[in-house]
Amino acid sequence: MKFTKKKVTICILLLLPLLLEIFVFNFSAVKGLVADRTETSFTASLSRGIRERDDGRLQCLNGDRCYEELTDFSRNVHNLYVDVGSPDGYVTVEIYGKDEGNARYYLMGTQNIVENVEESKWIDLHFYGQADSIQISFDVIHNGFFWVNEIGVNQAKPWFFHLDRVLLIYAILGILYFLRGKNEKIWGISFEEGCKNKKCIGAVLAVMLILCIGVAGMVQLNTFSPRGGQIHQELTKAIMDGRLYLDEEPPQYLEEMDNPYDFNQREYLQVRHKDQPEYKWDYAYYDGKYYIYFGILPVLLMYLPIYALTGIMLRTDLVVGILSILLIGASFWLVREIFSRWFRSSSYLLYPILSTALFFGTGVMVLMRNPAVYETCIIMGLVSALAGLASWIRAGQGEKLKIRYLLLGSLLIASTAASRPQFLLTMVFGLVLFLPEFVEEKHFRPVKNWKQILSLCIPFIIVAAAAMTYNYVRFQSPFEFGSTYNLTTNDVTHRGWNLARVGNGIYEYLLRPLHVTTQFPFLSFQELETGYIGETVYEPHFGGAIWYNPLIFLIFGGTLFSRKNGAEQKHLSVLKAMVIASVISIVVMIAADTNMGGIVERYQSDFLWLFYIIIILCITTKLNGITDVAQRASFRNKIVVLTLLTIFLNFLLLWIDDIYDVFDNNLTVYTNLKYLFEFWRF
835 MKFTKKKVTI CILLLLPLLL EIFVFNFSAV KGLVADRTET SFTASLSRGI RERDDGRLQC
895 LNGDRCYEEL TDFSRNVHNL YVDVGSPDGY VTVEIYGKDE GNARYYLMGT QNIVENVEES
955 KWIDLHFYGQ ADSIQISFDV IHNGFFWVNE IGVNQAKPWF FHLDRVLLIY AILGILYFLR
1015 GKNEKIWGIS FEEGCKNKKC IGAVLAVMLI LCIGVAGMVQ LNTFSPRGGQ IHQELTKAIM
1075 DGRLYLDEEP PQYLEEMDNP YDFNQREYLQ VRHKDQPEYK WDYAYYDGKY YIYFGILPVL
1135 LMYLPIYALT GIMLRTDLVV GILSILLIGA SFWLVREIFS RWFRSSSYLL YPILSTALFF
1195 GTGVMVLMRN PAVYETCIIM GLVSALAGLA SWIRAGQGEK LKIRYLLLGS LLIASTAASR
1255 PQFLLTMVFG LVLFLPEFVE EKHFRPVKNW KQILSLCIPF IIVAAAAMTY NYVRFQSPFE
1315 FGSTYNLTTN DVTHRGWNLA RVGNGIYEYL LRPLHVTTQF PFLSFQELET GYIGETVYEP
1375 HFGGAIWYNP LIFLIFGGTL FSRKNGAEQK HLSVLKAMVI ASVISIVVMI AADTNMGGIV
1435 ERYQSDFLWL FYIIIILCIT TKLNGITDVA QRASFRNKIV VLTLLTIFLN FLLLWIDDIY
1495 DVFDNNLTVY TNLKYLFEFW RF
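At the far end of the sequence shown sits residue 1516, using the numbering used here, and the numbering has no gaps.
Rendered as structure tokens:
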């Protein structure tokens, strides 16, 4: 049998995941085969802080340390097996040790023991010489109750074969192999050809289906949101009762305050008047009534119709899941229309790759991590903005502007005013796309194009009239959406605009390096560090967008603005204008968000998608302009690798555990993922 290079490569790809799983990811078990792992005898005793109950359970008493001490080891200690449980499903243990290098106990480390994840019960230990004694300290939440099933020392660690890890590596290697830059059978299919090829269409639909299944699974991870509450549900019920305000009396001290938006004074009075009900956090308070300032569009399109027809009130996490699936469709539609209009001769493969990157690059993982009212409004704004822009681009394909797509695009973009008004900035692309269509010989021709102009304007006029009426009825101002009267951490009525905040916003939102750790999910939140003297509204976040969207770096070096770009000359000016409009919009959006809302991780979704407009246009034109075969293959490989890295980094954002209780809400899934990725724990 003749071994060709291709056959050898395929054999390596087939064997590599299995070899990695056996010898690398299970190295701790392999090490146990050659090391002395004879089970060690020891003496165990419970501390005074633990009370043994009649039912066999243990209880940590308040005021005393709660631990079990292990002493009198018959041989050196290498690992512990700690099988404990609690009503919470897990117990956090702290390991303290005394050894030849430490006569007093020192903290060696901490580990969460999840009762139904066997791998979490094994703890590899690394002492200074011979171990003298060990304290296993138990941190239990639920009334201090827990139970100990077994504690062992130097037991033989079993093999933990992760089929999901093997399949994941197979998938990654398969993608890298079949999508390698030299594979002209795939890369050589143009977008125009691919749109007529059933296999290509089927492949794209398969990718979309996989994403939909993934979203359906991920959004179920966090069905409980400590923030956000039932805000849209309350607005739905109020509308059904014929009101726009909540039928709930504010506390008297709130009505008597000179400035009810003064956070510190409000908190002080709440403590002093414990006999009165607490004020409603994050609601608009105006003229003695509570209002909901969040966008009404999710209520009108989803909550209200279902509730009116069936009496069923939708859960917020379900709505976020539905909108996330719609976002998949909007992302693929937008990229498809960009290619249909400007890049028909480009590789069809770029279409699903960049569409998937756009979906993850919108920040949807962050929004799904905590499906609350805030995230609902942002993701609905994203869907409307992306689909609206896709419709506008579609309208320009052909000799004449298609009125139905002009109307649809304008309606979708205008509707963002009722979900997330920041997305109204998408209107700037209307100037880029349609102004050249209405100008002949440097003269604006409104009469000749009156149908198209009206098609663009009428939806905005209708939505604006409805939104202004809604605002005026509530706050006696057509331009006030209610966020100014929000009962939150600061007085928005006096917050104002300050250019000094913008620099912090640009750095935090775009440039701040990620805080990388060796523990899953390998990224962690960071606190604000600034010399700005004044109050900065800030929620801990993970860092600048460019670092977890590395596909951005491919736009540098040979883009639309270089002499050797791959864009057709007739489209060049429009594409350049799209990029410039995106850059300006990003800066404006960051300035607006930083001043109006502060530095909050979910706000990155307001502008991240604009980066991907730039990425799609620049990467595609750059690839089209590369004539050297080797350079073209290399650039294709970079696109694939950085897209996979972008997806992975954004996936990790879903699991950053701090203020959102991701671990507590998803014990088993989180812990299994932890040990799937942290293979070096030995």
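Ideal Cβ placement from N, Cα and C applies to all residues, glycine included. Note that the coordinates shown come from a computational prediction; the quantities given were computed from them, not determined experimentally.
Local conformation of residue i per DSSP, three classes
i, result
"HIS1405", "helix"
"GLN969", "strand"
"GLY1316", "coil"
"TYR1372", "strand"
"ASP958", "strand"
"SER862", "helix"
"SER1059", "Residue placement at SER1059 is poorly supported in this model, since its pLDDT is 49, which falls under 50; the coordinates still yield a value, given next. Here SER1059 sits in coil by DSSP."
"GLU902", "strand"
"LEU1362", "coil"
"LYS932", "strand"
"THR874", "coil"
"ALA1118", "strand"
"SER881", "coil"
"SER1181", "strand"
"VAL842", "helix"
"LEU847", "helix"
Closest residue to residue i among the options (Cα-Cα distance)
i, options, result
"GLY1230", "THR1150, VAL1408, ILE1386", "VAL1408"
"PHE1309", "TRP981, LEU941, ASP1121, THR843", "ASP1121"
"PRO1139", "ASN860, ILE1073, GLU873, MET942", "ILE1073"
"HIS960", "ILE985, GLU953, ASP933", "ASP933"
"ARG1436", "TYR1372, LYS1016, SER1311", "TYR1372"
"LEU1258", "PHE859, LYS955, LEU1245", "LEU1245"
"PRO1094", "TYR1382, PHE1268, THR1323, LEU1501", "THR1323"
"ASP1116", "LEU1131, VAL1207, GLY986", "VAL1207"
"LEU1487", "LEU1321, GLU1361, ASP1427, HIS1349", "HIS1349"
"CYS845", "VAL1421, GLN1067, ASN860, TYR1004", "TYR1004"
Nearest-angstrom Cα separation, counted from residue j out to residue i
i, j, result
"GLY1377", "GLY1195", "14 Å"
"ILE862", "LEU848", "Contrary to the premise, residue 862 reads as Ser rather than Ile in this sequence. Using only the alpha carbons, I get a separation of about 24 Å."
"PRO1060", "PHE994", "With a pLDDT of 47 at PRO1060, under the threshold of 50, the predicted position of this residue should be treated as unreliable, and no value is reported."
"TRP1021", "PHE1354", "35 Å"
"TYR1141", "LEU1134", "11 Å"
"ARG1178", "GLY1028", "10 Å"
"PHE1263", "LYS1071", "37 Å"
"GLY1339", "ALA1425", "7 Å"
"LEU1457", "LEU1007", "23 Å"
"LYS1234", "LEU1216", "28 Å"
"PHE1012", "ILE1414", "35 Å"
"THR1057", "THR1144", "Model confidence at THR1057 stands at a pLDDT of 49, short of 50, so the residue's coordinates are unreliable and nothing is read from them."
"TRP1331", "PRO1186", "41 Å"
"MET942", "ILE1433", "36 Å"
"SER967", "PHE1513", "28 Å"
"GLN945", "ALA1464", "49 Å"
Beta-carbon separation (whole angstroms), residue i vs residue j, contact threshold 8 Å
i, j, result
"ILE1162", "LEU1045", "5 Å"
"TYR1534", "VAL1496", "This structure gives no information on residue 1534, because the portion of the chain shown stretches from 835 to 1516."
"VAL970", "VAL927", "A quick correction: the sequence has Ile, not Val, at residue 970. Indeed they touch by this definition, with Cβ atoms about 5 Å apart."
"LEU1344", "ILE1380", "6 Å"
"TYR1119", "LEU1088", "7 Å"
"SER1416", "LEU1444", "4 Å"
"GLY1224", "TRP1167", "Going by the sequence as given, residue 1224 is Ala instead of Gly. Their Cβ separation, rounded to whole angstroms, is 4 Å, which keeps ALA1224 and TRP1167 in contact under 8 Å."
"THR1190", "LEU1157", "Their Cβ separation, rounded to whole angstroms, is 18 Å, which puts THR1190 and LEU1157 out of contact at 8 Å."
"ASP917", "GLU984", "4 Å"
Extent of the continuous beta strand (DSSP E) to which residue i belongs
i, result
"ASP917", "913-919"
"GLU984", "979-987"
"MET942", "936-948"
"ILE892", "It is Leu, not Ile, that sits at residue 892 in the sequence shown. Residues 892-894."
"LYS1016", "Here LYS1016 belongs to no beta strand (DSSP E), and DSSP marks it neither H nor E."
"LYS1123", "1123-1125"
Residue i, enclosing alpha helix (DSSP H) - first and last residue
i, result
"GLU886", "Note, GLU886: premise wrong, no alpha helix (DSSP H); beta strand (DSSP E) at 884-886."
"LYS1508", "1501-1511"
"ALA1301", "1284-1309"
"LEU1447", "In the sequence as displayed, the identity of residue 1447 is Ile instead of Leu. Its alpha helix (DSSP H) spans residues 1442-1459."
"PRO1139", "1138-1144"
"CYS1211", "1207-1229"
"GLY1337", "1334-1340"
"VAL974", "Here VAL974 belongs to no alpha helix (DSSP H), and DSSP marks it neither H nor E."
"GLN1465", "1463-1487"
"TYR1087", "1086-1090"
"ASN1383", "No alpha helix (DSSP H) contains ASN1383, which DSSP labels as neither H nor E."
"ALA1072", "1065-1074"
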